[in-house]
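Taken in order, the sequence shown gives residues 19 to 450; the numbers are from the numbering used here. Ideal placement from N, C-alpha and C gives every residue a C-beta, glycine not left out. A short write-up of the structure that comes next.
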Amino acid sequence: MSADAKTSANQRSRKTLACTSEATAYQKAFGADLRRRVVEEREPYAIVQADTPHEIFHAMDIPIVTNQWWSAYISAKQLSTRYFDKLVEAGYPANSCKYCSLGLACTVANEPETAPWGGLPTPTVLVARLTCDCIQQVFGQWAHLLGSEFFPMEAPAWVDKDPRWFAHARDEWMRVYQPDRIAQMVREMADLIALLENRTGRKFDEAKFHHLMEQINVQEGYIWEAAQAIGTARPCPVSIAEQMPNTMIPQWHRGSDWAVAHAKKFRDEVQAKIAAGEGASTNEKLRLMWIGAGVWHDPGFYQALEESLGAVFVWSMYMPFAGPAYIRDLQGKPMEALASRVASMNETLHLPPWMSGWMTSEAERCGIDAAVVLLPPDNRLSQSGNKITAQALEAAGVPVLMIDADMVDARVWDHDRMVGMVADFLQRRGLA
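Have a look at this one:
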């Protein structure tokens with residue numbers, strides 16, 4: 019039995035919030051509409067990394083396929099094993115970063131009969147920040163195969179090493195993220211806008227962009243309020259299996275009327291469950307922290323030990339990141355505020371001291387008893403940051419289990435074995 023098959027019976031997660039099903043239904047409808055625009059009507063579109071300025075495309079009504087979303091989509095359809103094998107057969111290295119290269123693998127496989135949407139058509143442009151050595155290679159190769167162009171964006175060094183950056187990000191973003199780095203990002207975004215206007219004939223709408231930035235603040239404020247409430251509530255009202263979709267799906271549409279309304283509905287449902295004393299588990303004894311991207315091919319993993327051991331995953335990076343990473347006092351400079359958001363998103367999630375400083379603070383805020391850290395074997399950027407963050411958490415008194423697995427590569431994942439590893443770890447450390 020393949021690893022994909024091993025997870026197929028275990029991947030569904032339990033849903034307790036009405037808004038969770040609404041979010042997934044909305045995303046399904048969005049995916050169908052995106053396919054219509056991109057594949058059937060052949061509108062101009064872009065393939066972009068998650069840490070690029072999506073707001074520019076939204077303001078210009080240019081559809082985007084986010085690489086990480088596309089990888090999760092492929093993985094959820096249990097196709098990652100097939101496509102990674104095809105990638106190796108084509109001569110690419112077996113140790114490629116899986117999260118960033120699964121979309122490329124799908125294109126290399128060139129199997130319209132198996133590929134979601136029959137495969138992606140030629141985009142107007144592919145956009146990514148050069149946050150690690152593999153990005154230029156993956157996106158350069160992908161652009162060549164798709165007959166398009168790669169627009170790289172710099173990732174200049176962040177000199178300010180304040181581990182508590184998150185405490186100042188909302189109001190002091192110019193200082194925290196450094197004026198020179200923000201100015202560089204603004205120049206590159208201007209070049210990107212010019213390219214898009216030239217290639218698509220669509221114009222960048224300043225008023226629409228400003229309104230979008232204001233609405234994003236409103237949306238992220240609701241998510242931030244929900245994150246704060248979940249961190250202090252006992253028991254935890256909603257596990258990360260439901261936090262993730264209710265945060266990430268609106269993030270792909272951030273600033274839209276639907277995303278703002280959904281974020282408010284999510285906050286309200288969370289607060290209602292807290293007021294009623296309802297928990298994600300009827301037997302909460304341990305509060306766990308998940309560090310790393312979601313295991314998109316087996317979301318049921320996060321709820322597997324809730325009843326047997328009372329172990330609830332109450333924290334992942336996605337929801338509490340809304341406050342420090344997205345909310346900005348615009349100060350009449352929406353483009354600069356966006357640049358500050360984009361300039362260091364990857365660093366604050368994956369590199370010390372920013373990652374480790376924020377996550378140890380979050381562990382204290384949420385009363386975390388233990389942390390489980392995903393250590394993707396071939397993702398060098400995640401490995402270094404995750405290992406140092408694990409050391410910081412252990413030093414702060416939080417036991418840490420590191421598991422060698424990948425967020426989209428199901429070949430190295432077995433549901434029962436991984437759940438057993440977590441259970442054994444909690445028992446060995448005297449927590450269960």
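Cross-strand partners of residue i (DSSP beta bridge)
i	result
T84	V66
I421	L392
A146	P170
I309	V391
L449	In the DSSP output, where bridge partners are listed per residue, L449 has none listed.
L304	A329
Contacts around residue i, its chain only, beta-carbon distance under 7 Å, and the 5 residues preceding and following it disregarded
i	result
Q159	L122
D442	none
Q380	Correcting the residue identity first, residue 380 is Glu in this sequence and not Gln. Answer for E380: W333, P338, listed in chain order.
A27	Note that A27 scores 43 on pLDDT, short of 50, meaning its location in the model is unreliable; the coordinates nonetheless yield the value given after this. Closer than 7 Å at the Cβ level, and outside the excluded window around A27, lies no residue.
A251	I292
K179	P371
I200	M192, E354, A357, S358, A361
K104	A123, V126, A127
R53	W135
D427	S98, F102, K116
S89	Y117, L120, G121, V426
H72	V66, I82
Q45	I267
Contact set for residue i: own chain, Cβ-Cβ below 6 Å, skip 5 residues either direction
i	result
W333	M307, C384
M377	T407
P181	P371, G375
T366	W372
A340	E238, I241, W242
L163	T125
A112	V106
D434	none
T140	L164, G165, S166
E273	In the sequence on display, residue 273 carries Gly and not Glu. Once the five neighbours on either side are set aside, the close Cβ partners of G273 are L230, Q233, I234.
Among the options, the one whose alpha carbon lies nearest that of residue i
i	options	result
G310	E232, A322, A293, N404	N404
A108	T125, K95, P170, Y117	T125
S39	A187, L52, S402, F284	F284
F157	S119, M439, E190	S119
M192	L356, P394, E412, M373	L356
G137	T378, R60, D79	R60
K116	E131, P394, W183, G165	P394
I74	P371, V106, E224, S358	E224
V391	L411, G375, C150, E382	L411
Q409	T250, R100, A389, A428	A389
S326	T300, M335, K351	T300
K33	E287, H433, L144	E287
Y110	A133, T132, Q155	Q155
D151	L163, S114, H186	S114
I248	Q202, S402, E324, V330	V330
D189	R305, G350, V437	G350
F48	V426, H72, M335, V83	V83
P352	W87, P130, M207	M207
G318	K282, A259, Q86, P263	A259
A43	E296, M335, P263	P263
I386	Q45, V57, T142, P417	P417
A281	R446, F184, Q261, S89	Q261
W183	L369, G328, C254, E324	L369
C37	V256, A175, R446	V256
A450	Q321, Y336, S402, E302	E302
T265	M335, V177, S402	M335
D198	W176, D209, A187, T218	W176
Beta-carbon contacts of residue i that lie in its chain and below 8 Å, excluding the five residues immediately before and after
i	result
R147	Q67, D69, T70, I153, P170, M171, E172, A173, V360, N364
M470	Summary: the structure shown does not reach residue 470, with the chain confined to residues 19 through 450, and so no result is reported for it.
R220	P62, M78, D79, I80, L214
A414	T378, A381, E382
L144	A64, I65, V66, F157, W160, A161, L164, S166, E167, F168, F169
Closer than 7 Å to chain C by CB, residue i
i	result
Q349	Checking the listed chains, one finds no chain C in this structure; it contains a single protein chain.
Exercise. Counting Cβ pairs closer than 8 Å, one from the segment 273 to 291 and one from the segment 343 to 352, do we hit at least three?
Worked result: Touching, no, given that fewer than three Cβ pairs across the two stretches are closer than 8 Å.
Could I get the ranges of all uninterrupted beta strand (DSSP E) runs contained in the segment 78 to 143, with 3 residues as the minimum, in chain order? Entirely contained in the segment 78 to 143, the beta strand (DSSP E) runs reaching 3 residues are, in chain order, 82 to 84.
Starting from the N-terminal side, write out each stretch of the alpha helix (DSSP H) that is 4 residues or longer and does not extend beyond the segment 306 to 385. Counting whole runs of 4 or more residues, the segment 306 to 385 contains the alpha helix (DSSP H) stretches 340 to 344, 352 to 361, 363 to 368, 372 to 384.
- prompt: Is the segment 258 to 272 touching the segment 231 to 246, taking contact as three or more C-beta pairs under 8 Å?
  reply: Under the 8 Å Cβ criterion, the segment 258 to 272 counts as touching the segment 231 to 246, having at least three qualifying pairs.
For the segment 227 to 234 and the segment 202 to 217, state whether three or more C-beta atom pairs, one from each stretch, are separated by less than 8 Å. The answer is no - the segment 202 to 217 does not touch the segment 227 to 234, with fewer than three Cβ pairs under 8 Å.
Evaluate contact between the segment 286 to 293 and the segment 92 to 107, counting only Cβ atoms and requiring at least three cross-stretch pairs below 8 Å.
At 8 Å Cβ cutoff, the stretches do not touch.
Would you list, in sequence order, the uninterrupted beta strand (DSSP E) runs of no fewer than 3 residues that lie entirely inside the segment 198 to 279? Runs of beta strand (DSSP E) with 3 or more residues, each lying fully within the segment 198 to 279, are absent.
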